[in-house]
Amino acid sequence: MTFIQDILSNFFFFAGMFFVFLGMLGLYRLPDVYNRLHATTKIGTLGAFGVMMGIVIKIGFGPMGIKAITVGLFLLLTAPVAAHMISRAAHRHGVGLCEESTVDDYGKTYCLINSSCPVKHEETIENDHEKI
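Residue numbers (the working numbering): 3 to 134.
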């Protein structure tokens, strides 16, 4: 193993651990489920992908390296989709935004389509029904 490989693999390990640390800090500090999903998605994508790249550089493209690449790409592709589905389910079940969050464009659209919307947007629904 060369000195350059050690430096690169350690860089990716520490970059991945840095994103894991930031994600854990965000999970602790952020106010609601929607903001916390951003932090956990960073752990699953950037943190895990950084560690997997460090493994690939350290070990090489053997069987373990190929598995690390596969796992990293799988997490990179599926974590944002999973976060979107979790936030959509939370929104449909009426989990509210924190007080600092003021924009809920998805809720306006969903409540116009679905009359049994648990999140109430009375002024938006009334204004849009008057337009029709």
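Ideal Cβ positions, reconstructed from N, Cα and C, are used throughout, including at glycine.
*asked:* In whole angstroms, give me the CA-to-CA distance for Gln7 and Leu78.
replied: 23 Å
_Local Cβ density within 10 Å of Thr43, reported as buried at 16 or more and exposed below that_ = buried
_C-beta atoms of Gly18 and Ala50 nearer than 8 Å_ = yes
*Do Gly2 and Met87 have their C-beta atoms closer together than 8 Å?*
Because residue 2 is not part of the residues shown, which for the chain are 3 to 134, the question remains open.
*If we count the other Cβ atoms within 10 Å of its Cβ and call it buried at 16 or more, is Tyr30 buried or exposed?*
exposed
*Which stretch, first to last residue, makes up the alpha helix (DSSP H) that contains Leu78?*
Pro65 to Arg94
*Taking the alpha-carbon positions, what's the Arg15 to Gly52 distance?*
According to the sequence shown, residue 15 is Phe rather than Arg. So the two alpha carbons sit approximately 6 Å from each other.
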